[in-house]
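Heads up, the thing below is written out as structure tokens.
There are 4 protein chains.
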Amino acid sequence: MPEFETRVRVRYAETDQMGVVYHANYLVWMEVARVDWCREIGFDYRHMEAVDGVVIAVVEVTCRYLYPARFDDEIAIRIEAIESTSKLLKFRYDMRRASDGREICTAESMHLYLSKDRFRPIRLPEKYRAAFGVK
Amino acid sequence: MPEFETRVRVRYAETDQMGVVYHANYLVWMEVARVDWCREIGFDYRHMEAVDGVVIAVVEVTCRYLYPARFDDEIAIRIEAIESTSKLLKFRYDMRRASDGREICTAESMHLYLSKDRFRPIRLPEKYRAAFGVK
Amino acid sequence: MPEFETRVRVRYAETDQMGVVYHANYLVWMEVARVDWCREIGFDYRHMEAVDGVVIAVVEVTCRYLYPARFDDEIAIRIEAIESTSKLLKFRYDMRRASDGREICTAESMHLYLSKDRFRPIRLPEKYRAAFGVK
Amino acid sequence: MPEFETRVRVRYAETDQMGVVYHANYLVWMEVARVDWCREIGFDYRHMEAVDGVVIAVVEVTCRYLYPARFDDEIAIRIEAIESTSKLLKFRYDMRRASDGREICTAESMHLYLSKDRFRPIRLPEKYRAAFGVK
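Residue numbers (our numbering), protein chains in the order written: chain A, 269 to 403; chain B, 269 to 403; chain C, 269 to 403; chain D, 269 to 403.
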């Protein structure tokens, strides 16, 4: 499971009156990174949700805000799957200002596979396990 | 169809680096006003969506920003249904700072009734028409 | 520092295509709870930011999502300051569906006092310390 | 003032429980398009706000929602300045699903130049007028 990097550019909408990015938006960027990571490993998240009825639900997230990001900054998000079983998935994130590598945020998230209709924990369908590095 | 007023308090998350409310958030407040208006006329929007499979989709919106709203301001939103047929619904909104009545935004929105599954225009179910003032 | 409870009603805008509240929005609610908590202890956050040039920045947040919140649910947020010094402030949150007490999320956040202009750590102004329970 | 096209990919956070993009998010994309348009004409919005103390405030916006955008869709936004004077700026937007050109939204926005500190209408600084096509 190699590390993967994706980029977002800070939107005006994402700033607050402190003049920096509002802290909840980092969670949205983490989701953008997860979706891009899925695409990178050859996996279409939208497809799994629509066809297999499996959703990847966030069950825990921790964010440490180290330095403020600002409007129009380009942010490089490195994402790494640090645990991957048929039941759960954990990611670690490292967000840096692309212009100078300044570290702005580190984070982790934990996810469970749930059935889309009843929100019950299920196992990742067999066909996806290799891509997700499940042993 | 009497006018109805609801209130929201500006969240920090809703401000941007200009120090005022980011303009897209007024559309969210308009939706809060519509849901409260529905409750006021004895109609449960969540129920209609879940049980009848009818969604009220926004098809057009116009907003005029007159004066900036700021963090922690209480905003009084007056909402009035200005057209209501079995196919569509139009609202007019007037938003004022509650503390002094300063007008901050006027807006209109137009909505169509759609089937939840196929997003096709449908007619408002008979049982809801009286509450919605459909003649 | 007594516990305090505030309430929010889930907005349509806060849901995602899973049919539940998008997880980043809980951080916005936590901020609503903090602002209401400040008001409760007789402290005007907006004033401190504007007049004293002090901002309360989020430096770390952890959220555990236990059960999904849905559109139009009323959410009761209990907030408690679990550490309060002249340099930092920590909160614990417990969010429940108001209708039946179902626990949906627990969270913690840590904050530093920063100067508004240079984003440097500063001490909470003397005049606010009693209200914040700083010994 | 040539037309310009920019692209966004729909984020999960931007969907709602209808399974489509929440309508307020189109205004955020319009802002992304304006910022990219500024960059294209060799103009740094962040710079003007920070150095010249001029903000470009939204004073009116109209959106017509033609077809729903969905999670992970790539959206092509064409933006065109349809009026540009030293006092105001008007844009027209055309948003299409990139995969097949399906039109999803058309919109217009009107903006005034304001002083950042007092929010009073001012004229666009002389040095920017050529780039903005002001005659």
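By construction, the Cβ of each residue, glycine as well, lies at the ideal position given by its N, Cα and C atoms.
{"Query": "Residues of its chain near B:Glu328, where Cβ-Cβ distance is below 6 Å and the 5 sequence neighbours each way are ignored", "Result": "Met378"}
{"Query": "Inter-residue spacing [alpha-carbon to alpha-carbon] between D:Gly401 and D:Arg346", "Result": "18 Å"}
{"Query": "From D:Phe272, D:Asp312, D:Val288, D:Thr353, residue whose alpha carbon lies closest to that of D:Met298", "Result": "D:Phe272"}
{"Query": "Continuous beta strand (DSSP E) stretch holding C:Met363: start and end", "Result": "356-365"}
{"Query": "Residue-chain proximity (C:Pro336, chain A), Cβ-Cβ < 9 Å", "Result": "yes"}
{"Query": "Min CB distance D:Glu271 to chain B below 9 Å", "Result": "no"}
{"Query": "Beta-carbon neighbours of D:Ala409, restricted to chain C and to distances below 8 Å", "Result": "Residue numbering for chain D in the displayed model covers 269 to 403; residue 409 of chain D lies beyond these limits and cannot be assessed."}
{"Query": "DSSP beta-bridge partners of D:Thr283", "Result": "D:Val289"}
{"Query": "Cβ of D:Tyr313 within 9 Å of any chain A Cβ", "Result": "yes"}
{"Query": "CB contact check: A:Phe387 to chain B, cutoff 9 Å", "Result": "no"}
{"Query": "C:Arg277, enclosing alpha helix (DSSP H) - first and last residue", "Result": "Premise fails: C:Arg277 lies in the beta strand (DSSP E), 272-277, not in any alpha helix (DSSP H)."}
{"Query": "Heavy atom of the ligand GDP within 8 Å of B:Leu334 beta-carbon", "Result": "This structure lacks the ligand GDP, and indeed carries no ligand of any kind."}
{"Query": "Straight-line Cα distance separating C:Thr283 from B:Glu394", "Result": "28 Å"}
{"Query": "Test: A:Asp242 CB closer than 9 Å to a CB of chain D", "Result": "Summary: the structure shown does not reach residue 242 of chain A, with chain A confined to residues 269 through 403, and so no result is reported for it."}
{"Query": "Within-9 Å CB hit, C:Val319 to chain B", "Result": "no"}
{"Query": "D:Met363 to D:Asp341 span [Cα, whole Å]", "Result": "12 Å"}
{"Query": "Residue-level contact to chain B via CB, D:Arg332, 9 Å cutoff", "Result": "yes"}
{"Query": "Pair within 9 Å by beta-carbon distance, C:Met286 and A:Val323", "Result": "yes"}
{"Query": "CA nearest to the CA of D:Arg397, picked from D:Ser352, D:Lys384, D:Ile372", "Result": "D:Ser352"}
{"Query": "Residue of B:Tyr381, B:Ser354, B:Ala344, B:Leu392 minimising C-alpha distance to B:Ala301", "Result": "B:Ala344"}
{"Query": "Range of the contiguous alpha helix (DSSP H) that encloses B:Arg397", "Result": "394-397"}
{"Query": "Enclosing beta strand (DSSP E) for D:Val329 [first to last residue]", "Result": "322-333"}
{"Query": "Beta-bridge pairing of C:Ala301 - partner residues as DSSP gives them", "Result": "Partner(s): none; C:Ala301 has no beta bridge."}
{"Query": "Cβ contact check for the segment 328-339 of chain A and the segment 364-371 of chain A: 3 or more pairs under 8 Å", "Result": "yes"}
{"Query": "Buried/exposed call for A:Arg279, threshold 16 Cβ in 10 Å", "Result": "buried"}
{"Query": "9 Å Cβ cutoff met for D:Ala325 and A:Val296", "Result": "no"}
{"Query": "Burial state of D:His315 (16 or more Cβ within 10 Å)", "Result": "exposed"}
{"Query": "Under the three-state DSSP convention, the category C:Ala318 falls into", "Result": "helix"}
{"Query": "Cβ-based burial, C:Val288 [other Cβ within 10 Å; buried from 16]", "Result": "buried"}
{"Query": "Range of the contiguous beta strand (DSSP E) that encloses A:Ile390", "Result": "First-last for A:Ile390: undefined, no H or E at that position."}
{"Query": "Min CB distance B:Gly287 to chain A below 9 Å", "Result": "yes"}
{"Query": "Per-residue contacts from B:Arg299 into chain C (C-beta, under 8 Å)", "Result": "Reading the sequence as shown, one finds Glu at residue 299 of chain B and not Arg. Simply Arg279, Tyr280, Ala281."}
{"Query": "9 Å Cβ cutoff met for A:Ala399 and A:Phe311", "Result": "yes"}
{"Query": "Cutoff 9 Å: C:Val327 Cβ touching any chain B Cβ", "Result": "no"}
{"Query": "Contacts that D:Val303 makes with chain A (C-beta to C-beta distance below 9 Å)", "Result": "Arg277, Arg279, Tyr280, Phe339, Asp340"}
{"Query": "Spatial distance of C:Leu380 from D:Leu392 (CA atoms)", "Result": "39 Å"}
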